[in-house]
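Going by our numbering, the sequence shown opens with residue 87, and the numbers climb by one from there.
The beta-carbon is built from N, C-alpha and C at its ideal position, and this holds for glycine as well.
Worksheet: the structure to be examined is printed underneath.
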Amino acid sequence: MFSTSAPSAIGFVVRFAVIVEGLLGALGVRADKERSLAPLMHLAWVGLERLCGQLARLAAAFRAGRLPYRRTGPRVRIKPGRRRREKRWRYESEDPPIPDRLPARFGWLIEAAPETAAFVDQVQQWLEEPELAALVAEAPQAERLLGSLCRMLGIRLKP
87 MFSTSAPSAI GFVVRFAVIV EGLLGALGVR ADKERSLAPL MHLAWVGLER
137 LCGQLARLAA AFRAGRLPYR RTGPRVRIKP GRRRREKRWR YESEDPPIPD
187 RLPARFGWLI EAAPETAAFV DQVQQWLEEP ELAALVAEAP QAERLLGSLC
237 RMLGIRLKP
């Protein structure tokens, strides 16, 4: 028998996990087709899995009524003046360098893996769920997490 319940009845975290699984499948397809993009696709894969876990933990804390406290002042750098070291090659080869960070361009994932474009509409519908809006209103961390996802997929996050 088919279920007639609304999509939001299964929970916005579960819907997000399903969307992320689809995105991961699209990343795997692109990495298989174009081997030179495999390191970047792996990095995006890890980032999406991490994002899914962080959002699930934040939603569980929200439902339990134990969100982390909000900071009232600006962040203070522990060691000012410290910068990231540049990675140097250990071996000389013709392989492209393995990225250590995801690109920051708007919509970079759609450009790198066009298969992910099929999930943009699903993510936009998911962003309109009322329970997600309540979470974003209470926890600014959720907006930061969603901002990185939207930037990857080229979605403008509504204020």
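Is it the case that the Cβ atoms of TRP194 and ILE105 are separated by a distance below 8 angstroms? no
Does the stretch 136 to 146 come within contact of the stretch 222 to 233, defined as at least 3 CB pairs closer than 8 angstroms? yes
Output the distance between the C-alpha atoms of SER122 and ALA150, rounded to the nearest integer angstrom. 44 angstroms
Could you have a look at GLY233 and say whether DSSP puts it in helix, strand or coil? helix
Rounded to the nearest angstrom, what separates ALA190 and VAL100 at their Cα positions? 27 angstroms
Can you check which of these residues, PHE148, LYS119, GLY108, LEU141, is closest to TRP131 by C-alpha distance? GLY108
Hey, which unbroken runs of the alpha helix (DSSP H) at 4 residues or more fall wholly within the stretch 198 to 225? 206 to 213, 216 to 224
Proximal residues to VAL206 (C-beta, below 6 angstroms), its chain only, five neighbours per side dropped: LEU239
Jot down the residue ranges of each uninterrupted alpha helix (DSSP H) in the stretch 97 to 160, minimum 4 residues, whole runs only, in chain order. 98 to 119, 124 to 150
DSSP state of ILE241 mapped onto helix, strand, coil: coil
Which word fits LEU144, buried or exposed, when buried means at least 16 other C-beta atoms lie within 10 angstroms of its C-beta? buried
Please return the same chain residues whose Cβ sits closer than 7 angstroms to the Cβ of PHE102, not counting the five positions on each side in sequence. CYS138, LEU141, TRP212
Measure the CB-CB distance between ALA124 and ALA199 and report whether it falls below 8 angstroms. no
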